[in-house]
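Presented below is the structure to which this report refers.
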Amino acid sequence: MVFKIASSPYTHNQRSTSRIMLMVSWATLPGIAMLWYWFGWGSLVQIASAILTAVAAELLVLKLRKQPLRILGDNSAVLTGLLLGISIPPLAPWWMAILGTVFAVIIAKQLYGGLGHNPFNPAMVGYVVLLIAFPVQMTAWLPPHTLAATVPDFADSLHVIFSGATLAGDTMAQLRTGIDGISQATPLDTFKTGLRAGHTPQDLLQAPIYSGVLAGIGWQWVNLAFLAGGLFLLIKGTIRWHIPLSFLLTLAACATLGWILAPEKCASPLIHLFSGASMLGAFFILTDPVTASTTNRGRLLFGALAGLLVWLIRTFGGYPDGVAFAVLLANITVPLIDYYTRPRAYGHR
């Protein structure tokens, strides 16, 4: 009989990195389903493209660094591609998902030494690079199918992504046109550009994207679906409650205060909570265990800081949504937050 002697520790934990990454990926499915329902097949194409690129980029780097290929089994590359693919507009050109994912995996993750060493969330680094370099394409979201004059099917979606037009010759400008003949935008974009044009919030809430809903047609359902996925992760113990709760409470508190003090300039709390990437950021991006704070008090501060930054960027910044920038700015503060919130050793005075 042969006995294998292993070094300590001898504890066994079923929640391996691979299982956690897969659990988080599965929890995004309700939100992905809503993206597909309201905005078409393009989102699925972008997600698939980003995941394949992420795995290929990680494989290439592992071979170049002569590291074991089993590292791919931690599924972190899959999750990075998944989150970036979700964030990209459905009919963005095919090369954007590839470029953003390569940057996320190779520069923002592997250049720092791989999983566990990267100080910034890789998916958000890739997203911000694309947003800064290609702002027009990265803000070209389609209107929800109930408001669209033309709804592309799977074949048309592929054709637009790879050639810029549908099989019938419809361009992105035509596809972004609503049934009222006016080019549509996301709820947050509609609000920000409308305020700059001199419209009041009351006037903007009459726009088709807000018709009969509180936070934007399609978008509130997408956010509710990601909220459901996030609650699933909380129930399973995959993530902790500190960051999502402090983020959402701070965002809601800032939005409420702004709405009360300056209703002519600020969106309502419901628009902030259920539009854009609020729920995706709260439960799936900010909770990244590598780039978030590691203490309970630190997590509360980290989430609150991100919530404040999202509100400030949305209200006073140049971009409609500020989740990606808020995540990266909050990532910078993590070492400082952890330093001042680390628990004291017993007996330390």
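If you count the sequence shown from 1, you need to add 356 to reach the numbering used here. The beta-carbon is built from N, C-alpha and C at its ideal position, and this holds for glycine as well. Here the structure is a predicted model, which is why all the values come from computation and not from measurement.
Distance between residue j and residue i (C-alpha atoms, nearest Å)
i, j, result
"THR697", "ASP430", "29 Å"
"TYR724", "GLY663", "Residue 724 lies beyond the stretch modelled for the chain, which goes from 357 to 705, so this question has no answer here."
"HIS368", "HIS628", "Only weak support exists for where HIS368 lies, its pLDDT of 46 falling under 50; the coordinates are left without a value."
"ILE442", "ALA448", "12 Å"
"ASP536", "GLY550", "Model confidence at ASP536 stands at a pLDDT of 46, short of 50, so the residue's coordinates are unreliable; what they give is reported in the following sentence. Distance between the alpha carbons of ASP536 and GLY550 is about 17 Å."
"ILE454", "ILE403", "10 Å"
"PRO691", "THR643", "16 Å"
"ALA682", "ALA638", "11 Å"
"SER519", "PRO619", "43 Å"
"LEU408", "GLN558", "44 Å"
"HIS515", "LEU617", "48 Å"
"ILE693", "ARG700", "14 Å"
"PRO600", "PRO445", "24 Å"
"ASN687", "LEU378", "23 Å"
"LYS419", "LEU425", "7 Å"
"ASN652", "PHE603", "14 Å"
"TRP382", "SER372", "15 Å"
"ILE517", "TYR695", "46 Å"
"ILE538", "LEU416", "Since pLDDT at ILE538 reaches only 48, below the 50 mark, its modelled position is unreliable, and the value read off the structure follows with that caveat. C-alpha separation (whole angstroms): 45 Å."
"ALA660", "THR612", "15 Å"
"TRP450", "VAL458", "13 Å"
"PHE490", "GLY654", "34 Å"
"GLY470", "GLY456", "17 Å"
"MET480", "SER432", "14 Å"
"ALA524", "ALA563", "29 Å"
"LEU498", "GLY398", "10 Å"
"ILE462", "THR495", "25 Å"
"LEU391", "LEU486", "20 Å"
"GLY482", "ASN474", "13 Å"
"VAL492", "LEU587", "34 Å"
Boundaries (first-last residue) of the alpha helix (DSSP H) holding residue i
i, result
"TRP382", "373 to 383"
"PRO691", "679 to 697"
"SER443", "432 to 443"
"LEU551", "543 to 552"
"CYS610", "598 to 617"
"PHE630", "625 to 630"
"SER513", "510 to 519"
"ASN579", "575 to 592"
"GLY482", "478 to 489"
"LEU498", "First-last for LEU498: undefined, no H or E at that position."
"THR457", "450 to 458"
"PHE529", "Residue 529 is actually Ala in this sequence, not Phe. Residues 528 to 531."
"LEU560", "557 to 560"
Of the listed residues the options, nearest to residue i (C-alpha basis)
i, options, result
"HIS598", "LEU455, CYS622, SER634, THR650", "THR650"
"ILE641", "ILE669, GLY678, THR671", "GLY678"
"TYR468", "VAL401, PHE603, VAL646", "VAL646"
"LYS465", "GLY437, VAL492, ALA489", "GLY437"
"MET528", "LEU439, THR506, PHE547, LYS548", "THR506"
"LEU439", "ALA406, ALA682, TRP451", "ALA406"
"CYS622", "LEU560, THR502, ILE463, TRP382", "LEU560"
"ALA609", "TRP392, ALA686, SER624", "SER624"
"PRO386", "LEU471, TRP615, ALA521, GLN576", "GLN576"
"ALA410", "LEU656, GLY585, ALA460", "ALA460"
"LEU544", "TYR566, LEU503, ALA389, ASN474", "TYR566"
"ASP311", "LEU589, LEU657, VAL401", "The chain is shown from 357 up to 705; residue 311 falls before or after that span and cannot be answered."
"ALA511", "THR522, ALA504, ALA412", "THR522"
"PHE395", "ALA489, SER513, THR671", "SER513"
"THR671", "PHE582, LEU531, PHE547, ALA563", "PHE547"
"MET452", "HIS473, LYS422, ILE488, GLY472", "ILE488"
"SER374", "LEU428, THR689, HIS473", "LEU428"
"GLY673", "ARG552, PHE658, VAL569, TRP615", "ARG552"
"LEU503", "GLY554, TYR393, GLY482", "TYR393"
"THR556", "TRP615, GLN530, ILE591", "TRP615"
Close beta carbons around residue i, own chain, < 6 Å, minus the five adjacent residues each side
i, result
"ALA571", "LEU626, ILE627, PHE630, SER631"
"ILE573", "PRO500, ILE565"
"LEU636", "PHE582"
"LEU656", "HIS598, SER602"
7 Å Cβ shell around residue i - same chain, five flanking residues per side excluded
i, result
"ILE376", "THR594"
"VAL484", "ALA680, PHE681, LEU684"
"VAL380", "LEU435, LEU589, THR594, PHE640"
"PHE476", "ALA464, THR647, LEU684, ASN687"
"ALA584", "PRO386"
"ILE669", "TYR675, GLY678, PHE681, ALA682"
"THR689", "LEU661"
"ALA413", "THR457, VAL458, VAL461, ILE462"
Sequence-distant residues of its chain with Cβ nearer than 8 Å to residue i (five each side left out)
i, result
"SER634", "ASN579, LEU604, LEU607, HIS628, VAL666, VAL679"
"GLY472", "VAL646"
* Length-filtered (4 minimum) alpha helix (DSSP H) runs lying within the segment 389 to 430 -> If only complete runs of 4 or more residues are kept, the segment 389 to 430 shows the alpha helix (DSSP H) at 398 to 420, in order along the chain.
* To do: Please go through the segment 632 to 674 and give each complete alpha helix (DSSP H) segment of 4 or more residues, from N-terminal end onward.
  => 652 to 672, all fully within the segment 632 to 674.
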